[in-house]
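Following: one structure in structure tokens, then a few remarks.
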Amino acid sequence: MRFCFLLANVFEQQVRALAAAPAIRRKRAAGRALQRLADVADFGRTVAGPGDDAAVLRKAGFQGYLLLAADSVLSSLVEQCPREAGRAAVLVNANDIYAMGGRPVAMVNVLAGLSEDQQDEVCAGMRLECHRLGIPMVGGHVSPEGREPFVAVSVLGEARRLLEDRRAGPGEKILLAVDLRGRRWGDGILNWDSHEAKGPETLQADLGILCSLAEEKLCTAARDVSNAGILGTLALLLERAGLGAEVFLDRVVVPRGFDLFEWLQTYPSYGFLLLCQAGRESQVLGRFEERGIWAAEIGVTDRSRVVRLRLAEQEALFMDFRREGILSSPGES
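Structure below.
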């Protein structure tokens, strides 16, 4: 009995550490900025504003939607591996568009505080990923000034139908899809790269699964797994949807070289969380399995606004949106 109590206590401590991770703290900082800009988020064409993977605008005179997103990469990554930072800046933005059910159209970048060598390497990485994804980099801004390197990209996309957090409801299945055919890279950085070995045709078809799931109305909502990790990303989705969930961690497959709690904090180049109505999960999972991508049902949503984690016989609280939000203040989500 004493041994079981100690195990449960360790699990609760590990879960608390996940909830307090630096990547989630950064998301809270983003939430404060979003709240300060809330009154200028819509002047008539905004369908979904700040907080989702991409903002959604109505196309003037056309069916469908325009999508806009922007992401920067950590300065530490630019310093350690500028070419990978350039790649990452492109792929994280592309994933944001695909996670909304859209297709990227074009990108622009902002580079600041880079040496000439760093700029060359960052641009080389961007070129690699743009070729791989088939997305043009059509412009940007460069400023050599700055005390530390800064790299950001913004992306324009379009969608016929959306995967959107606010469409989600209670009782939906939580699905996780990650391409495990990759490698861990980076010192002191939790990253999993499954893009590098793929050709453009294969990668674009793999990402296109998200578009078909949206257009065929098989899923309600989705998020690409960000640097907040699997659980942090799921928490962002649930908070925006006003939902809670029960999540079964023993259903998550962990690649060799990681332990479970490292993997839950890792950024995968191809990783998506999706919600679908009960009864559709087999069809959705089959789309990924057909292309050799691991996917599984890992939980179910509910109305509690609390995220509970289970591992074998252990249970722990990860997030309680009734008390504290990530992007919103308590009671606002």
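Here the sequence shown is numbered in the numbering used here, starting from 1 and rising by one per residue.
Don't be surprised by glycine CBs; every beta carbon is placed ideally from N, CA and C.
- Secondary structure at R87: helix, using DSSP grouped into helix, strand and coil.
- Secondary structure at V15: helix, using DSSP grouped into helix, strand and coil.
- Counting only residues of its own chain and dropping the five nearest sequence neighbours on each side, G113 has a CB closer than 6 Å to the CB of G146, E148, P149, F150.
- DSSP, reduced to helix, strand and coil, places M100 outside both helices and strands of the structure shown, so it counts as coil.
- Contact check between the region 226-237 and the region 121-128: fewer than three CB pairs, one atom from each, fall below 8 Å, which does not count as touching.
- Going by DSSP, S72 is part of the beta strand (DSSP E) stretching over 65-73.
- Bounds of any alpha helix (DSSP H) do not take in G299; it lies within the beta strand (DSSP E) bounded by 294-302.
- In the structure shown, the three-state DSSP call for F321 is coil.
- For H195, there is no enclosing alpha helix (DSSP H), since its DSSP letter is neither H nor E.
- Burial state of R87 is buried, judged by a 10 Å Cβ sphere holding 16 or more other Cβ atoms.
- Taking every protein chain shown into account, the CB of Q118 has 16 or more other CB atoms within 10 angstroms, so this residue is buried.
- The bridge partners DSSP lists for R25 come to none.
- Between V110 and A152, the beta carbon gap of about 5 Å places them in contact (Cβ cut-off 8 Å).
- Contact between the region 307-317 and the region 220-228 is absent: fewer than 3 CB-CB pairs across the two stretches fall below 8 Å.
- Looking from the CA of G299, the closest CA among W263, R251, G257 belongs to R251.
- The region 144-194 is shown to contain no whole alpha helix (DSSP H) run of 4 or more residues.
- Taking the CA atoms as reference points, V254 sits about 6 Å from W263.
- In this structure, I326 sits away from K59, with a CB-CB distance that is not shorter than 8 Å.
- Going by C-alpha positions, L218 is about 27 Å away from R132.
- At the C-beta level, G102 and E158 come within 8 Å of one another.
- Of F248, L128, Q265, T220, the smallest CA-CA separation from A197 is found for L128.
- In the DSSP secondary-structure assignment, D224 is bridged to F272.
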